[in-house]
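Heads up: the sequence shown begins at 7 in the working numbering, then just goes up one per residue. Have a look at the structure below before the remarks.
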Amino acid sequence: MADSDSPFAIRFHQTGGPEILVSEPIDVGEPGSGQVRLRHEAVGLNFIDTYFRTGLYPIELPSGLGNEAAGVVEAVGEGVSDFQPGDRAGYFTGPVGAYATHRLVEADRLVKLPEGIASEQAAAAMLKGCTAEYLIERCARVQSGQAVLVHAAAGGVGSIAMQWLEAIGARVIAHSGSTAKARLAAELGAAVSLDCPMEQLATMVREATAGEGVAVVLDGVGAASWEASLASVARRGLIVSYGNASGPVPSLTPLDLMRRGSIFVTRPTLADYCATPEAMRASAARLFEMMLSGKVKVQIGARYPLAEAAQAHRALEARATTGSTVLIP
Ligand SMILES: NC(=O)c1ccc[n+]([C@@H]2O[C@H](COP(=O)([O-])OP(=O)(O)OC[C@H]3O[C@@H](n4cnc5c(N)ncnc54)[C@H](OP(=O)(O)O)[C@@H]3O)[C@@H](O)[C@H]2O)c1
Numbered sequence: 007m008a009d010s011d012s013p014f015a016i017r018f019h020q021t022g023g024p025e026i027l028v029s030e031p032i033d034v035g036e037p038g039s040g041q042v043r044l045r046h047e048a049v050g051l052n053f054i055d056t057y058f059r060t061g062l063y064p065i066e067l068p069s070g071l072g073n074e075a076a077g078v079v080e081a082v083g084e085g086v087s088d089f090q091p092g093d094r095a096g097y098f099t100g101p102v103g104a105y106a107t108h109r110l111v112e113a114d115r116l117v118k119l120p121e122g123i124a125s126e127q128a129a130a131a132m133l134k135g136c137t138a139e140y141l142i143e144r145c146a147r148v149q150s151g152q153a154v155l156v157h158a159a160a161g162g163v164g165s166i167a168m169q170w171l172e173a174i175g176a177r178v179i180a181h182s183g184s185t186a187k188a189r190l191a192a193e194l195g196a197a198v199s200l201d202c203p204m205e206q207l208a209t210m211v212r213e214a215t216a217g218e219g220v221a222v223v224l225d226g227v228g229a230a231s232w233e234a235s236l237a238s239v240a241r242r243g244l245i246v247s248y249g250n251a252s253g254p255v256p257s258l259t260p261l262d263l264m265r266r267g268s269i270f271v272t273r274p275t276l277a278d279y280c281a282t283p284e285a286m287r288a289s290a291a292r293l294f295e296m297m298l299s300g301k302v303k304v305q306i307g308a309r310y311p312l313a314e315a316a317q318a319h320r321a322l323e324a325r326a327t328t329g330s331t332v333l334i335p
């Protein structure tokens, strides 16, 4: 166990439940060539962190956890010219190990935080918001006037994606797991906000779209929502399966796509849409523009001390969170 004033990281030595997360002292050291030492002011909690912890996404152990953090540059290594001590910066494309008070980060993974974006907001928004950016603008290429079904609409990615979609003129049909979450989704601008059981969702979606179904489904829930997604999408529509919060989706064949109405299915990941420093920074710049214009208001539903990351994991997996959760070192 680390003492409270010295640098520490949350790590795990075997896969399992939240209880395997342990706090360990770290020796951060000086940045090497091309690196920056960042003092984290806030760390983003993301559902993918639970996939690594449980072993759904295998990783070499022991390991740190977390892909996203923001804070203040303390020192820069040789060859780093675009950051200097005192700059505020963040990252959201890993590598895994962001659950820490301090960290050495490759400068080309970092993005400068503009005036008006606090570290906490950045850690709450970057990974989820850049996911919304690529899903909407580069993957599904949603057009104004299209109807879009968003699952887990009050969640981290969902609450940002919903506001983004409304801002570009799409018509959002939101689905959430509780009445309170559906209320939040409605407040955030959903045209239709539902909290019905999954088995009834497609019928409600058809009713809300004059029988046609939606042009696009954004589905980060996975196993539990998959059948509803297939039954809600319009003829020649697109399902973007971008996550497995309830478990991985069952496999499907090309013939299934034909039978469901000549539909399209894609299973994208942020890593492929922010694969270069340029793409990553362009995505972040677009997100910050949406935040600074007030079109996307990032919802921080909860803050936990970093040392209590296990509690935050329990809440996320119990569907007890709304918006983004941040861990504070
Ligand atoms: N592909 C990518 O590039 C990418 C990038 C970022 C995130 N993601 C994915 O996006 C999804 C959302 O991530 P997030 O961090 O923003 O999480 P989140 O949406 O804040 O939390 C997950 C939500 O999923 C819903 N859910 C339904 N069934 C669930 C179950 N059995 N267990 C847990 N949750 C369940 C819950 O909302 P309701 O109660 O309202 O149903 C829950 O709040 C995740 O699947 C994540 O892996 C993918």
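Note that CB positions come from ideal geometry on N, CA and C, so glycine has one too. Keep in mind that this is a model prediction, so the values were computed, not measured.
For residue j and residue i, the rounded distance between their alpha carbons
{"i": "residue 280", "j": "residue 99", "result": "8 Å"}
{"i": "residue 130", "j": "residue 163", "result": "10 Å"}
{"i": "residue 306", "j": "residue 260", "result": "40 Å"}
{"i": "residue 64", "j": "residue 102", "result": "12 Å"}
{"i": "residue 104", "j": "residue 42", "result": "14 Å"}
{"i": "residue 77", "j": "residue 196", "result": "33 Å"}
{"i": "residue 222", "j": "residue 208", "result": "13 Å"}
{"i": "residue 124", "j": "residue 295", "result": "14 Å"}
{"i": "residue 252", "j": "residue 110", "result": "33 Å"}
{"i": "residue 19", "j": "residue 72", "result": "15 Å"}
{"i": "residue 148", "j": "residue 138", "result": "11 Å"}
{"i": "residue 9", "j": "residue 17", "result": "Below a pLDDT of 50, predicted positions are generally treated as unreliable, and residue 9, at 48, falls in that range; the measurement from the model is reported next regardless. Approximately 15 Å, taken between the alpha carbons."}
{"i": "residue 250", "j": "residue 326", "result": "17 Å"}
{"i": "residue 7", "j": "residue 302", "result": "Annotation note: pLDDT 41 at residue 7 (below 50); position unreliable, coordinate value reported separately. C-alpha separation (whole angstroms): 39 Å."}
{"i": "residue 5", "j": "residue 122", "result": "The requested residue 5 is not part of the displayed model; the chain covers only 7 to 335."}
{"i": "residue 24", "j": "residue 318", "result": "9 Å"}
{"i": "residue 89", "j": "residue 264", "result": "51 Å"}
{"i": "residue 61", "j": "residue 256", "result": "18 Å"}
{"i": "residue 4", "j": "residue 258", "result": "Residue 4 cannot be examined here, being either before or after the span of the chain that is shown, 7 to 335."}
{"i": "residue 247", "j": "residue 232", "result": "9 Å"}
{"i": "residue 284", "j": "residue 238", "result": "36 Å"}
{"i": "residue 266", "j": "residue 206", "result": "18 Å"}
{"i": "residue 192", "j": "residue 262", "result": "33 Å"}
{"i": "residue 304", "j": "residue 30", "result": "31 Å"}
{"i": "residue 57", "j": "residue 171", "result": "27 Å"}
{"i": "residue 320", "j": "residue 74", "result": "19 Å"}
Contact check, residue i vs residue j, beta carbons under 9 Å
{"i": "residue 312", "j": "residue 335", "result": "yes"}
{"i": "residue 141", "j": "residue 274", "result": "yes"}
{"i": "residue 46", "j": "residue 107", "result": "yes"}
{"i": "residue 119", "j": "residue 94", "result": "yes"}
{"i": "residue 188", "j": "residue 126", "result": "no"}
{"i": "residue 157", "j": "residue 271", "result": "no"}
{"i": "residue 146", "j": "residue 224", "result": "yes"}
{"i": "residue 53", "j": "residue 322", "result": "yes"}
{"i": "residue 51", "j": "residue 289", "result": "no"}
Below-9 Å beta-carbon distance, residue i vs any chain D residue
{"i": "residue 230", "result": "In the structure shown, chain D cannot be found, because there is only a single protein chain."}
Residue from the options with nearest C-alpha to residue i
{"i": "residue 22", "options": "15, 39 and 55", "result": "55"}
{"i": "residue 218", "options": "292, 184 and 236", "result": "236"}
{"i": "residue 240", "options": "268, 227 and 143", "result": "268"}
{"i": "residue 332", "options": "314, 229 and 276", "result": "314"}
{"i": "residue 32", "options": "226, 73, 18 and 13", "result": "13"}
{"i": "residue 59", "options": "121, 51 and 26", "result": "26"}
{"i": "residue 174", "options": "88, 152, 227 and 270", "result": "152"}
{"i": "residue 194", "options": "216, 266, 214 and 168", "result": "168"}
{"i": "residue 316", "options": "215, 28 and 11", "result": "28"}
{"i": "residue 82", "options": "308, 57 and 35", "result": "35"}
{"i": "residue 185", "options": "202, 247, 50 and 330", "result": "202"}
{"i": "residue 286", "options": "90, 66, 97 and 166", "result": "97"}
{"i": "residue 92", "options": "69, 62 and 44", "result": "44"}
{"i": "residue 166", "options": "320, 324 and 300", "result": "300"}
{"i": "residue 144", "options": "278, 183 and 115", "result": "278"}
{"i": "residue 324", "options": "115, 75, 291 and 183", "result": "183"}
Presumed contact (8 Å Cβ cut-off) between residue i and residue j, rounded CB distance
{"i": "residue 113", "j": "residue 86", "result": "5 Å"}
{"i": "residue 244", "j": "residue 136", "result": "In fact, because the Cβ distance is near 20 Å, the residues do not count as touching under 8 Å."}
{"i": "residue 199", "j": "residue 176", "result": "Contact doesn't hold; Cβ gap of about 15 Å is too wide."}
{"i": "residue 154", "j": "residue 220", "result": "6 Å"}
{"i": "residue 84", "j": "residue 39", "result": "5 Å"}
{"i": "residue 328", "j": "residue 190", "result": "6 Å"}
{"i": "residue 210", "j": "residue 230", "result": "Wrong, their Cβ atoms sit about 16 Å apart, outside the cutoff."}
{"i": "residue 179", "j": "residue 214", "result": "6 Å"}
{"i": "residue 70", "j": "residue 160", "result": "Not confirmed; about 29 Å, so no contact."}
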